[in-house]
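Comments concern the structure below.
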Amino acid sequence: RTWREKFNDDRIWRRRCTLRLAVYLENTDTTFQPGLKLTEHDSLSPLCEWRARLIRENHLWNNWRQGNFMFHHIACILGANTQTQFYGNDHLVMVILNEVTVWNIRTVPTWLMTNPCDLDTTLVIDYFEILSEDRILFVQLSKVSVFHMDVTSSHWPLIHTFYFDETCPSEEFSTGNINSPPPRGDGIVSVPESCFYTVTGDYFVGVAPDYARLLHIWNIKTGKKLKEVVCPVSNPNSYFTSLIHSHKPAPDVLLV
Numbered sequence: 001r002t003w004r005e006k007f008n009d010d011r012i013w014r015r016r017c018t019l020r021l022a023v024y025l026e027n028t029d030t031t032f033q034p035g036l037k038l039t040e041h042d043s044l045s046p047l048c049e050w051r052a053r054l055i056r057e058n059h060l061w062n063n064w065r066q067g068n069f070m071f072h073h074i075a076c077i078l079g080a081n082t083q084t085q086f087y088g089n090d091h092l093v094m095v096i097l098n099e100v101t102v103w104n105i106r107t108v109p110t111w112l113m114t115n116p117c118d119l120d121t122t123l124v125i126d127y128f129e130i131l132s133e134d135r136i137l138f139v140q141l142s143k144v145s146v147f148h149m150d151v152t153s154s155h156w157p158l159i160h161t162f163y164f165d166e167t168c169p170s171e172e173f174s175t176g177n178i179n180s181p182p183p184r185g186d187g188i189v190s191v192p193e194s195c196f197y198t199v200t201g202d203y204f205v206g207v208a209p210d211y212a213r214l215l216h217i218w219n220i221k222t223g224k225k226l227k228e229v230v231c232p233v234s235n236p237n238s239y240f241t242s243l244i245h246s247h248k249p250a251p252d253v254l255l256v
């Protein structure tokens, strides 16, 4: 057996590939020439599937490093915060202020639709995230809205909406237990002046500025509030200052 035949084994090459790119590159046309050509010859044994996929991936990264790619510009508002997220391999969702646009980016970026969601147009979209099961979440101040996504439709139905800082009627907290403490005179640590939150799996976790000692936990899938947690530190001047999302697959959140 030749060296080519000995190493022509999918088990060798599969673990070296970036799995999310493997199938995508097989079905994507080359936009920058010269494109990759997997030359085959009658005298050579055919390449195994995963070795061919690794060659395609290496070709992609080589083009990136050498600057062999094309730029496409999408118009935006100068000075306005622009948020973007990919939806699959072929679509981009862009948010500017309170406007949502969807683009097909498989080849040349093509506008598909504007404002497919019925959001409160008087409020700026502070944050959005594309969830699993074709869902998209928007946050406007403390208002959280979840919609069903469909790039073939210009109207995305609302699944549910809630104000994450609504307190549970069953919980009994004294105002002193959950109110934000007064600002410190030394200015070393400042009390949050706006909401902060994170999304982890099917859970929305957030803190409102006026009640920085109270953590709100919601189930995004059901739109129901799960619980509220008072800052466990007994010192009345303590409060939550930030939420740090884990980069590991586990849905861990660090509260500071």
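Counting in full-length UniProt numbering, the sequence shown tops out at residue 256, every number present.
Note that CB positions come from ideal geometry on N, CA and C, so glycine has one too.
None of the values given here were measured: they were computed from a predicted structure.
Given 8 Å as the limit, is there contact between the region 80 to 96 and the region 46 to 55, that is, 3 or more CB pairs closer than that?
In short, these stretches do not touch, since the Cβ pair count stays below three.
Does Phe32 pass the burial test, meaning 16 or more other C-beta atoms within 10 Å, or should it be called exposed?
exposed
Inside the region 39 to 111 only - beta strand (DSSP E) runs reaching at least 3 residues:
82 to 87, 91 to 96 and 99 to 104
N-terminal and C-terminal residue of the beta strand (DSSP E) that Glu129 is part of
Tyr127 to Leu131
Taking just the CA atoms, how far does Phe138 sit from Leu25?
Leu25 and Phe138 have their C-alpha atoms spaced approximately 31 Å apart.
Report yes if the CB atom of Asn98 is closer than 8 Å to the CB atom of Thr121, and no otherwise.
yes
Cβ-Cβ distance between Cys195 and Val207 below 8 Å:
Yes, Cβ-Cβ distance for Cys195 and Val207 is below 8 Å.
On the three-state DSSP scale, how would you describe Arg213?
coil
Specify the secondary structure class of Lys143 as computed by DSSP and reduced to three states.
Reduced to three states, the DSSP call for Lys143 is strand.
Could you pull the start and end residues of the alpha helix (DSSP H) that Leu119 belongs to?
Here Leu119 belongs to no alpha helix (DSSP H), and DSSP marks it neither H nor E.
Within a Cβ cutoff of 6 Å, which residues of the same chain sit near Ile74, ignoring the five residues on either side of it in sequence?
Pro109
Would you kindly work out how many angstroms separate the C-alpha atoms of Val95 and Thr2, rounded to a whole number?
55 Å
What does the Cβ neighbour count give for Met149, buried or exposed, with the cut at 16 atoms within 10 Å?
buried
Whole-angstrom distance between Val100 and Met113, CA atom to CA atom:
Spanning the alpha carbons of Met113 and Val100 requires a straight line of approximately 8 Å.
Taking the beta strand (DSSP E) that residue 278 belongs to, which residues open and close that run?
Given a span of 1 to 256 for the chain in the structure shown, any question on residue 278 remains unanswerable.
Cutting at 8 Å between CB atoms, please list the residues of its own chain near Leu13, excluding the five before and the five after it.
At residue 13 the sequence reads Trp, which differs from the Leu that was named. Cys48, Trp50, Arg51, Arg53 and Leu54, listed in sequence order.
Asp165 burial status per 10 Å Cβ neighbour count (16 or more: buried)
Classification for Asp165: buried.
Whose CA, out of Asn104, Asn8 and Glu193, lies closest to the CA of Thr152?
Closest option to Thr152, Cα to Cα, is Asn104.
So, under 8 Å CB-CB, Leu226 and Ile220 are touching, yes? Tell me the CB distance rounded to an integer number of Å.
About 10 Å separates the beta carbons of Leu226 and Ile220, which is beyond the 8 Å limit, so they are not a contact pair.
Who pairs with Leu113 in a beta bridge, going by DSSP?
Checking the sequence shown, residue 113 turns out to be Met, not Leu. Looking at the DSSP assignment, Met113 forms a beta bridge with Val102.
Just tell me which of Tyr203, Leu214 and His245 has its CA closest to the CA of Cys168.
Checked all of Tyr203, Leu214 and His245; the closest Cα to Cys168 is Leu214.
Let me confirm a value: Ser145 is counted as buried when at least 16 other C-beta atoms fall within 10 Å, else exposed. Which label applies?
buried
Please state the DSSP three-state secondary structure of Leu137.
strand
Burial state of Leu76, where buried means 16 or more other Cβ atoms lie within 10 Å
As written in the sequence, residue 76 is Cys, which differs from the Leu given in the question. It counts as exposed.
Indicate whether Arg106 and Asp126 have their beta-carbon atoms separated by less than 8 Å.
No, the pair does not count as a contact, with Cβ atoms beyond the cut-off.
When we look at the beta-carbon of Tyr163 and count the other beta-carbons within 10 Å, is it buried (16 or more) or exposed?
Around the beta carbon of Tyr163, fewer than 16 other beta carbons lie within 10 angstroms, which makes this residue exposed.
I think His245 touches Val253, with their Cβ atoms under 8 Å apart; what is that distance to the nearest whole Å?
6 Å
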